[in-house]
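Novice: Chains as they are written, first to last, in the numbering used here: chain W, 24 to 367; chain B, 24 to 367. Before anything else, here's the structure in question.
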C-alpha cells in the first residue's frame, strides 16, 4: 500500500477531446482548491477551445517533461506529441478522439510506472472509438489493469457514493455468464480489496456480501451458488480477519447499507449493485478501481457528446472523483512547494 | 376487467395466525376508515389474543356465511370451521399456522370464485409451513394463480410504491435460469398487464422496459437477448398500442422512473427490479398480482415472527395494501348499504 500513501500529485486524463472531459475541466478547475499539483494529460486544443467558449483565461502551464511536473506549481498540462495536431470535432465521436484518449492514457501509465505516489483520475472516453483507434480493451478499467501488469482478474470495480458504496464481483459480462464467474477466489479478492478501501476511508461497519439468487437463495431453495460458493467465501474471508457479513438478499441489503449498517456492499453483478447505487447517487458517484498499484478514480458518466458546449452537464462527478483521489492518495504535498524527491 | 370495477367489498386473509398479520390488523383496523365492508378470514383466537394484549375491544362481528358478508356492515370475521380449534403459538412457525393460512386462502378463493367484484388483500404467511401443511405452492401468488384457474405463467408480480412501480418478468427462479425464461410471449403479457395497471391508476408516462444485460446489452456488444427478444417484444407491444419504451439499462432507468419519467418499470428479474424499489420504498410498497380475475394486493413483508407482540412492527404496508385494493376495486359501495345483488 506504499503508493496509496504518497502525495506526489494528481494526474487527470482529459479523455476524449470531443467529449465532456475538457469542458468540465475548464468549468471546474479554475475555481477548485487543490492541495497537490495537478497534471492534465490530453489535447491542449480542446482546453483552449472551451476556455474561449466559456470566456475564461488559460489556467495551466504547458510542459514537455511530465515526469517532472511535481516540482512545478498548480496545474500543468502535458500533451503527448502524437496528438498535438489532432483536429477537434467537439460533440462528435471520431477515431482521432479515441486515439487522443488512448495516447493520453498511455502517457499517464508511463508516468505512473516510473514514479510512485501519484494518483490517476480519468475523464470520459468512448470505448468504441478507443477500440477503433487500435486499443483492444473493453474499457478504461481493463486497459489500466492490463497495462499496469495487474490483470483484469485482479482488480475490482467500485462505485463510491455519499451514502452507498458498491463493489462488483463481475462487471460487464452477459447476465447468463455471471453465475459461472462467481468463484471463491474472485469473491475473496473483492472482499479483501473492498475491506481495504473502506478501512482507508475510515468507514465503520462491515462489508455486506450479496447473494446471487433471489432472497440470497432462500437457504438453498433457490439456486445452489450461495451454499456452494458465497457462504464458504464469506466464512473464509472472516477467518482471514476480514470484516464481512452475508450473503444477504440483494433486494434488501442496499436499504440497510444506505441506513449506515454496512460500510459497503459487494454485489455479484452489474445491475444488482448499480441499479440501487445510481438510483440514490445519479451523477454523484465516483468509479474507483481497486487493486491497481496506484489510486485511480473516474467520473461516473460517459463522453456525453450531445451535451458538449451546451453548458448543462454538471462537473460534480469530476469534482468528486478528484476529491476522492486526493483523499485516497494523501494530500501531504502543497502547491508551490518542492516535492520530496525520494518518492519519485 | 369487469371484476376490477366491482365494489362489493374487501377480503383480508390474516395469514399465519402466529405471524404479524393478526397483530397488525388489530392495530390498524379499529381506526381506519373503510368505505366498503371488510371481511376478515382467519383465526379468531389470534385476533382475540392481540386485542387482549393491546387492551382494545373486539372490532368485528363473527359470521358463519361469508358469501353474504357484503350485506352486513363494517368489519366481519369468518373463521373456517377446520381452524376454529387450532392452538395459537404466537411468534412461532408451526405447521398448524401454515394450515390456518392455507384454509383461510381456500375460503377466500371459494368466495372470490362465487362472487365477482370483491378484492383480496393477503396477510403474511410462511411458505415453508404452508408447504408442510400440504399446499404444494412456492407462495401466495402461485397458489392464487393456480387455484383461480389462471395459471402462474399468466400473472405478473408487481410492487407498487409511492414513487417507483416495478413489474417482474421473472420472479423467483435461480439467476442462471432467468435468461432462458425471457420470452416474447412472457414480455408481451407483462407489458400488457403493467400498462393496464398504470392506466387504471391514472398514472402518466410510458412503461419502461429494462434490458437483461449490463447497459441493456450495449447495442449487442453484451449478450444477445435484447436484440433477439426484448427489442422485438417492445416493438410488437407498441404496434399493439401499448405505451412502452425500451429496453433501457437497468442501472439508470429506475432513477429516471423515480423522477416521474415513466409510470412503471418492467424489470427482467427479481433483484434488478426490487433492489432499487426496496431501497426507495422499504416497508412502503404493496405487492400486487396482475392478471388474476380479481384485485389482489399483499403486504410487502413476511410473518416477522421475531417482532410479534413487540409493538415495533409497522402496519403501514398493510394500510397501503388495503388502500390500493380499494382504489383498484372501486369504492362505490358504502358500509351499511345493501350491495347490488346483480354483481354477486
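By construction, the Cβ of each residue, glycine as well, lies at the ideal position given by its N, Cα and C atoms.
State the Cα-Cα distance for the pair residue 76 of chain B and residue 331 of chain B, rounded to the nearest angstrom.
Specialist: 11 Å
Novice: Give the secondary structure of residue 180 of chain W by DSSP, where H, G and I count as helix, E and B as strand, and everything else as coil.
Specialist: strand
Novice: Should residue 137 of chain B be labelled buried (16 or more other beta-carbon atoms within 10 Å of its own) or exposed?
Specialist: By the 10 Å Cβ count, residue 137 of chain B comes out exposed.
Novice: Have a look at B:266, B:100, B:104 and flag the residue whose alpha-carbon is nearest the alpha-carbon of residue 232 of chain B.
Specialist: Looking from the CA of residue 232 of chain B, the closest CA among B:266, B:100, B:104 belongs to B:266.
Novice: Measure the alpha-carbon distance for residue 212 of chain W versus residue 235 of chain W and round it to whole angstroms.
Specialist: 17 Å
Novice: Residues in the same chain with beta-carbon distance under 7 Å from residue 25 of chain W, minus the five sequence neighbours each way, listed in chain order, please.
Specialist: Low per-residue confidence applies at residue 25 of chain W: pLDDT is 30, beneath 50, and the placement is therefore not dependable, though the value from the model is reported in the following sentence. So the qualifying residues of the chain are 139.
Novice: Suppose the cutoff is 8 Å on Cβ atoms and the five residues either side in sequence are ignored; what does the same chain contact list for residue 87 of chain W look like?
Specialist: Exclusion of the five residues before and after residue 87 of chain W leaves 101 as the residues of its chain whose Cβ lies within less than 8 Å of its Cβ.
Novice: From the DSSP output, in three-state form, read off residue 81 of chain B for me.
Specialist: coil
Novice: What is the DSSP secondary structure of residue 66 of chain W, reduced to helix, strand or coil?
Specialist: coil
Novice: At what residues does the beta strand (DSSP E) containing residue 232 of chain B begin and finish?
Specialist: 230-233
Novice: At the level of alpha carbons, what is the spacing between residue 181 of chain B and residue 309 of chain B?
Specialist: 8 Å
Novice: What separation, rounded to the nearest whole angstrom, lies between the Cα atoms of residue 133 of chain B and residue 103 of chain B?
Specialist: 12 Å
Novice: Please list the residues of the segment 106-122 of chain B that have a C-beta atom closer than 8 Å to any C-beta atom in chain W, keeping them in chain order.
Specialist: none
Novice: Within 10 angstroms of its Cβ, does residue 335 of chain W collect 16 or more other Cβ (buried), or is it exposed?
Specialist: Classification of residue 335 of chain W: exposed, given that the 10 Å Cβ count is below 16.
Novice: Using only alpha-carbon positions, find the residue among B:117, B:46, B:150 that is nearest to residue 242 of chain W.
Specialist: Nearest C-alpha to residue 242 of chain W: B:150.
Novice: Can you list the residues of chain W that residue 309 of chain B reaches, using a CB-CB cut of under 7 Å?
Specialist: Chain-order list of chain W residues neighbouring residue 309 of chain B: empty, with the shortest C-beta distance near 15 Å, by a criterion of under 7 Å.
Novice: Can you give me the C-alpha to C-alpha distance between residue 105 of chain W and residue 244 of chain B, rounded to a whole angstrom?
Specialist: 30 Å
Novice: Looking at residue 142 of chain B and residue 36 of chain B, is the spacing between their C-beta atoms short of 8 Å?
Specialist: no
Novice: Within 8 Å (strictly less), CB to CB, does residue 186 of chain W reach chain B?
Specialist: no
Novice: Taking the alpha-carbon positions, what's the residue 216 of chain W to residue 348 of chain B distance?
Specialist: 47 Å
Novice: Taking the alpha-carbon positions, what's the residue 135 of chain B to residue 279 of chain B distance?
Specialist: 38 Å
Novice: What does a CB cutoff of less than 7 Å around residue 50 of chain W pick up in its chain, not counting 5 residues either side in sequence?
Specialist: Once the five neighbours on either side are set aside, the close Cβ partners of residue 50 of chain W are 77, 338.
Novice: So, helix, strand or coil for residue 320 of chain B, using DSSP?
Specialist: Strand at residue 320 of chain B.
Novice: Given this structure, state the Cα-to-Cα distance separating residue 300 of chain B from residue 187 of chain B, to the nearest angstrom.
Specialist: 6 Å
Novice: Between the beta-carbon of residue 260 of chain W and the beta-carbon of residue 192 of chain W, is there less than 8 Å?
Specialist: no
Novice: Give the residues of chain W in contact with residue 154 of chain B, contact being defined as C-beta atoms less than 8 Å apart.
Specialist: Within 8 Å Cβ-Cβ: nothing; residue 154 of chain B doesn't reach chain W, min ~10 Å.
Novice: Within 8 Å (strictly less), CB to CB, does residue 293 of chain W reach chain B?
Specialist: It does: the Cβ of residue 293 of chain W has a partner Cβ on chain B nearer than 8 Å.
Novice: Using DSSP with H/G/I as helix, E/B as strand and the rest coil, what is residue 287 of chain B?
Specialist: strand
Novice: Could you tell me the distance, in whole angstroms, from the CA atom of residue 228 of chain B to the CA atom of residue 321 of chain B?
Specialist: 25 Å
Novice: May I ask whether a heavy atom of the ligand FMN can be found less than 7 Å away from the beta carbon of residue 328 of chain B?
Specialist: Within the structure as shown, the ligand FMN is missing, as the structure has no ligands at all.
Novice: Give a yes or no on whether the minimum CB-CB distance between residue 320 of chain B and chain W is below 8 Å.
Specialist: no
Novice: Please compile the residues from chain B whose C-beta is within a distance smaller than 8 Å of the C-beta of residue 253 of chain W.
Specialist: For residue 253 of chain W, no chain B residue has a C-beta closer than 8 Å to its own C-beta; the minimum C-beta separation is roughly 12 Å.
Novice: Could you spell out the range, first to last residue, of the beta strand (DSSP E) harbouring residue 188 of chain W?
Specialist: If you look at residue 188 of chain W, you'll find it in the beta strand (DSSP E) that goes 188-191.
Novice: Using beta-carbon positions only, say whether residue 196 of chain B and residue 307 of chain B come within less than 8 Å of one another.
Specialist: no
Novice: Measure how close the beta-carbons of residue 230 of chain W and residue 287 of chain W come, nearest whole angstrom, since I'm counting them as under 8 Å.
Specialist: 5 Å
Novice: Quick one: what's got a C-beta closer than 8 Å to residue 155 of chain B's C-beta in the same chain, skipping five residues either side?
Specialist: Result list for residue 155 of chain B: 118, 121, in chain order.
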